[in-house]
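First residue of the sequence shown: 0, per numbering that gives the first Met the number 0; consecutive thereafter.
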Amino acid sequence: MARISESKARNGASRRAFLKAGLAGGAMVAAGAAVTRPNPAQAAGDPLITETQDWNRYLGDGVDASPYGSPSQFESHVVRRNVSWLTADPVSSINFTPLHELDGIITPNGVCFERHHAGTAVIDPVEHRLMINGLVETPLVFTMDDLKRFPRENRVYFLECAANSGMEWRGAQLNGCQFTHGMVHCVAYTGVPLKLLLEEAGLKPEGKWLLAEGADASAMTRSIPIEKALDDCMVAFKMNGEALRPEQGYPVRLVVPGWEGNMWVKWLRRLEVGDQPWAQREETSKYTDLHADGTARRHTFVMDVKSVITNPSPQAPVTHGRGQMVLSGIAWSGHGRIKRVDVSLDGGRNWHEARIDGPSLPKALHRFYYDFDWDGSELFLQSRAVDETGQVQPTKDELRAVRGVNSIYHNNGIQTWYVKADGGVENVEVS
Ligand code: MTE
Ligand code: CO
């Protein structure tokens with residue numbers, strides 16, 4: 000997790016207005032009311048229609064211009080960004096997925112957020128080895144070629160850092176869903192089920208835990224219960240069809256579906272089978288949740304049900320004025336599929352069922368939309384997701400009542416965006 004300055008977090012709470020219930024005005028949205036369609040552009044005399052444009056007149060670049068393609072020059076603002084005060088040094092740092100610029104459920108490889116504890120390891124796949132040792136019949140060492148000879152599978156999963164939204168525990172702070180919620184990405188992985196590799200080595204009956212270790216300079220190590228390892232974990236070498244990006248653990252990473260991102264060890268080099276958890280740094284002093292009474296929650300592996308509205312949001316204000324608006328967002332749960340998402344325009348007083356569109360896959364991002372007619376009045380936008388196990392995303396106040404405000408990790412509270420009459424959007428809290 001990114002190191003967070005506590006004083007900044009506290010100041011942040013006072014920096015933004017805390018809005019009380021009894022919101023002025025409120026959006027006038029009649030269920031089923033006819034929406035006002037956008038005004039078509041004034042076609043008559045528009046030179047973009049009547050004149051021949053350069054791109055229509057001159058030949059474009061040939062096929063050799065970009066052997067590995069990149070996005071349009073007009074999309075150069077769609078990039079990962081960081082928050083400078085969050086971490087002391089870029090090699091132990093974080094940047095965030097530009098969620099407000101994306102759609103659908105898949106995160107493009109070039110903008111998947113990155114979290115490293117010791118920078119990006121650069122590993123020649125020919126020289127990479129994955130060892131399985133400990134409580135197994137036959138300790139094994141795999142080359143990348145060996146791994147690619149096991150039957151492989153393709154599965155789509157979200158990865159969320161346990162520290163996602165961590166800066167928002169004490170109050171609204173960062174102005175943009177990229178910064179408040181951008182430690183999540185969702186990728187189609189190709190890899191070998193971990194179960195097959197463990198079976199190859201032969202698990203001894205007393206083997207109850209697995210230690211996964213990375214080959215980077217941080218040698219990231221986490222304990223994973225053997226039931227999870229045998230259930231749906233993967234050793235992945237491809238993301239969205241191509242080789243893992245170096246930042247994401249090239250040539251091979253562990254995929255631990257629905258569980259906190261820290262366990263998804265990148266540059267995976269060793270799996271040790273043991274009879275109890277190891278109590279590594281990242282499962283004791285980090286990634287645990289300190290309660291007000293001084294006790295801490297440990298082994299909080301599953302990322303609970305969560306959602307956020309990505310558009311509109313502070314980095315994506317409403318620029319088109321009143322009338323038809325496409326509100327959109329993402330929802331996910333480490334417990335399985337998202338069953339339902341509701342959206343509120345008035346800070347949680349009234350709720351409207353959103354439309355989930357696209358594939359609904361377990362432990363993957365879901366895309367939702369709410370299409371409505373904006374009358375130009377202030378909105379307090381919220382989204383609330385429910386997963387297939389019936390878990391409902393809590394309000395931030397509900398979460399704080401149970402967990403206090405010491406924690407950085409596992410904040411799945413409901414986010415509020417304040418949309419002003421001029422279309423500008425701010426991160427606020429409503430209580
Ligand atoms: N694995 C290694 N080897 N080193 C690391 O620093 N960071 C972890 C995890 N695996 C890390 C690692 C953390 S905290 C997270 S949230 C995820 O990787 C981030 O994965 P990403 O960089 O692909 O987004
Ligand atoms: Co993390």
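Backbone N, C-alpha and C define an ideal beta-carbon position, used for all residues, glycine too.
First through last residue of the beta strand (DSSP E) which encompasses residue i
| i | result |
| --- | --- |
| residue 220 | 220-224 |
| residue 341 | 337-343 |
| residue 139 | 139-141 |
| residue 379 | 378-386 |
| residue 415 | 415-418 |
| residue 427 | 424-429 |
Bridge partners - residue i, DSSP secondary structure assignment
| i | result |
| --- | --- |
| residue 328 | 308 and 367 |
| residue 48 | DSSP, once it has assigned bridges, lists no residue as partnering residue 48. |
| residue 323 | 372 |
| residue 158 | 184 |
| residue 92 | 115 |
| residue 315 | 312 |
| residue 410 | Answer by DSSP bridge pairing: none, since residue 410 is not bridged. |
| residue 391 | 385 |
| residue 351 | 342 |
| residue 153 | 189 |
| residue 148 | Per DSSP, none; premise fails for residue 148. |
| residue 80 | 95 |
Nearest residue (CA-CA) to residue i, options the options
| i | options | result |
| --- | --- | --- |
| residue 103 | 169, 185, 259 and 206 | 185 |
| residue 309 | 320, 71 and 328 | 328 |
| residue 385 | 174, 286, 173 and 331 | 331 |
| residue 285 | 406, 68 and 191 | 406 |
| residue 408 | 171, 158, 167 and 126 | 167 |
| residue 177 | 215, 70, 112 and 131 | 112 |
| residue 97 | 181, 161, 220 and 86 | 181 |
| residue 226 | 275, 124 and 69 | 275 |
| residue 101 | 376, 367 and 373 | 367 |
| residue 298 | 281, 314, 313 and 311 | 281 |
| residue 221 | 258, 106 and 139 | 258 |
| residue 402 | 229, 359, 294 and 320 | 294 |
| residue 315 | 419, 53 and 172 | 419 |
| residue 93 | 392, 357, 260 and 301 | 260 |
| residue 137 | 173, 272 and 183 | 272 |
| residue 99 | 114, 374, 74 and 83 | 74 |
| residue 152 | 411, 191 and 171 | 191 |
| residue 400 | 149, 291, 352 and 132 | 291 |
| residue 319 | 335, 423, 388 and 391 | 423 |
| residue 121 | 364, 53 and 213 | 213 |
| residue 131 | 343, 210 and 245 | 210 |
| residue 188 | 208, 60 and 363 | 363 |
| residue 107 | 348, 239 and 114 | 239 |
Residue i, enclosing alpha helix (DSSP H) - first and last residue
| i | result |
| --- | --- |
| residue 179 | 176-180 |
| residue 396 | 395-402 |
| residue 130 | Element bounds for residue 130: not the alpha helix (DSSP H) but the beta strand (DSSP E), 129-133. |
| residue 54 | 53-56 |
| residue 356 | Looking at the DSSP string, residue 356 is not in any alpha helix (DSSP H); the run it does join, the beta strand (DSSP E), is 354-356. |
Any non-hydrogen atom of ligand 1 closer than 7 Å to residue i Cβ
| i | result |
| --- | --- |
| residue 98 | no |
| residue 439 | The first residue shown for the chain is 0 and the last is 430, placing residue 439 beyond what the model contains. |
| residue 265 | yes |
| residue 185 | no |
| residue 364 | no |
| residue 215 | yes |
| residue 378 | no |
| residue 261 | yes |
| residue 232 | no |
| residue 270 | no |
| residue 158 | yes |
| residue 466 | Outside the displayed span of the chain (0 to 430) sits residue 466, for which this structure offers no information. |
| residue 111 | yes |
Residue i: CB within 7 Å of a non-hydrogen atom of ligand 2
| i | result |
| --- | --- |
| residue 221 | no |
| residue 162 | yes |
| residue 114 | yes |
| residue 411 | no |
Going residue by residue through the stretch 190-265, where are the continuous alpha helix (DSSP H) segments of at least 4 residues, counting only ones entirely within it? 193-200 and 225-230
For a minimum of 3 consecutive residues, which ranges assigned as the beta strand (DSSP E) are wholly contained in the stretch 261-306? 267-273
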